[in-house]
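Everything below concerns the one structure shown next.
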Amino acid sequence: IVTERQGGEIQLNQKVLNIYTHQGYSEVITNKEVFSTKLVINTAGLHSDEIGALTIPKLDLRIIPFRGEYMSIIKERQHLCNHLIYPTPDPDFPWLGVHFTRMMKGVVVAGPNAVWAFKKEGYKMSDVSLRDIGKALSFPGFQKAMRKFIGFGIGEYYRSMNKAAFTKGLQKLIPEIRKEDLVPGDAGVRALAVGRNGELLVDFVFAENEWAVNVLNAPSPAATACLSIGDSVAEKALARF
Ligand SMILES: Cc1cc2nc3c(=O)[nH]c(=O)nc-3n(C[C@H](O)[C@H](O)[C@H](O)COP(=O)(O)OP(=O)(O)OC[C@H]3O[C@@H](n4cnc5c(N)ncnc54)[C@H](O)[C@@H]3O)c2cc1C
1 IVTERQGGEI QLNQKVLNIY THQGYSEVIT NKEVFSTKLV INTAGLHSDE
51 IGALTIPKLD LRIIPFRGEY MSIIKERQHL CNHLIYPTPD PDFPWLGVHF
101 TRMMKGVVVA GPNAVWAFKK EGYKMSDVSL RDIGKALSFP GFQKAMRKFI
151 GFGIGEYYRS MNKAAFTKGL QKLIPEIRKE DLVPGDAGVR ALAVGRNGEL
201 LVDFVFAENE WAVNVLNAPS PAATACLSIG DSVAEKALAR F
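Residues 1 to 241, numbered by UniProt numbering, are exactly what the sequence shown covers, in order.
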C-alpha cells in the first residue's frame, strides 16, 4: 500500500532469471519482462545467494535449505499447553530448538525440527533437486559444517522419521505428552546461510555495492523484525540517491 501510494508498482508472479550490470544501471531479466534500475535490492530468501551472486560475484556464503517440520497436538490434549514453551537455546545452532506454540485459533503445534532439505523448496522429504544438492555439497563451507554437525544431523533425520523419538524430545518440555497425542503438521524451509569457514551464520547479513543491496541472511526472528530490517534496507537504498 505504501509503495503504491508513493507511485510505485508491485509486480507479482515474476521470477528473476538474470541481472546484467552496466555503467550506472542494471537490467533485471524476469521470465516476463526486463526492468532497468539504478539499484537492485535482493531479498530472495532461499535464493538470495544465487541472486546476490549476479551483482556481487564472489560471495563467501551459501544458502542451505533446512526444513522445519511440525506436529500438531490432538484437540483432547491441547490443554497441556496454554502458551509458548521453549527449551534453553543451544548457542551452537542458529535456531531455537523444538518448542510448543499455542496458535491464535487455539491449535497447539510442536516443532520445528531442522533437517537438511534436498531442495530449496523442499517442504516434503520426497522433494529432491540434484542441482540444489550438488550446489550445497560442492561448497567447502557446507562440507566443513557437515563434518562438525553430522551427529546432530543424523539425530534430526531419525527424529523426523520416528515419531517415538520426536515425542521423546518433546517430553523434556511436557513430560505428559504421548506419541498418540501428535499428528503430522505443516513444514517450512529455513534459508540458512553457511560461511566458507563452515560457520552457521546467526545474524543478518547484507552485502552491498554501488548498484545493489543484498539481504543474504535473514533468519528468525526476521519476520518479527521485518519492519526494522525494512528501515535498514531503505536507509541503504536512499543513501544512493
Ligand atoms: C519453520 C520456520 C519457523 C519460523 N519461525 C519464525 C518465527 O517464529 N519468528 C520469526 O521472526 N521468523 C520465523 N521464521 C523465519 C522467517 O520466516 C524468515 O526469517 C523470513 O521469512 C525471511 O524473510 P525474507 O523476506 O528474507 O525471505 P522470504 O520470506 O523467504 O521471502 C523471499 C521471497 O523471495 C521470492 N523469490 C525467491 N527467488 C526469487 C526469484 N528468483 N525471483 C523473484 N522472487 C524470488 C520468494 O518467492 C519469496 O517470496 C521461521 C522460518 C521457518 C522456516
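Every residue gets a Cβ at the ideal spot worked out from N, C-alpha and C, and that includes glycine.
Just curious, the alpha helix (DSSP H) that residue i is in, first and last residue?
i: D231; result: C226 to L238
i: P140; result: P140 to M161
i: A110; result: No alpha helix (DSSP H) contains A110, which is instead part of the beta strand (DSSP E) from V108 to G111.
i: E50; result: S48 to G52
i: R131; result: L130 to L137
Cα-Cα, which of the options is closest to residue i?
i: V202; options: G151, P94, K105 and H83; result: P94
i: N197; options: L59, G155, E121 and Q6; result: L59
i: F100; options: C81, I56, G8 and V194; result: C81
i: I73; options: F118, L137 and E176; result: E176
i: V189; options: P112, K105 and F204; result: P112
i: T21; options: N209, G195, P91 and E235; result: N209
Could you tell me the boundaries of the beta strand (DSSP E) in which residue i lies?
i: A193; result: L182 to G195
i: G68; result: L61 to I73
i: I19; result: V16 to H22
For residue i versus residue j, is the C-beta distance shorter than 7 Å?
i: I41; j: V213; result: yes
i: V115; j: S160; result: yes
i: L216; j: A193; result: yes
i: Y157; j: A165; result: no
i: K148; j: P65; result: no
Does the Cβ of residue i have 16 or more other Cβ atoms within 10 Å, making it buried, or fewer, making it exposed?
i: S126; result: exposed
i: S36; result: exposed
i: G24; result: exposed
i: D49; result: buried
#### Entry: Chain-ordered list of residues that sit, by beta carbon, closer than 5 Å to a heavy atom of ligand 1
Listed along the chain, these residues meet the criterion: K15, V16, T43, A44, G45, H47, G68, P112, G188, R190, A218, S220, P221, A222, A223 and T224.
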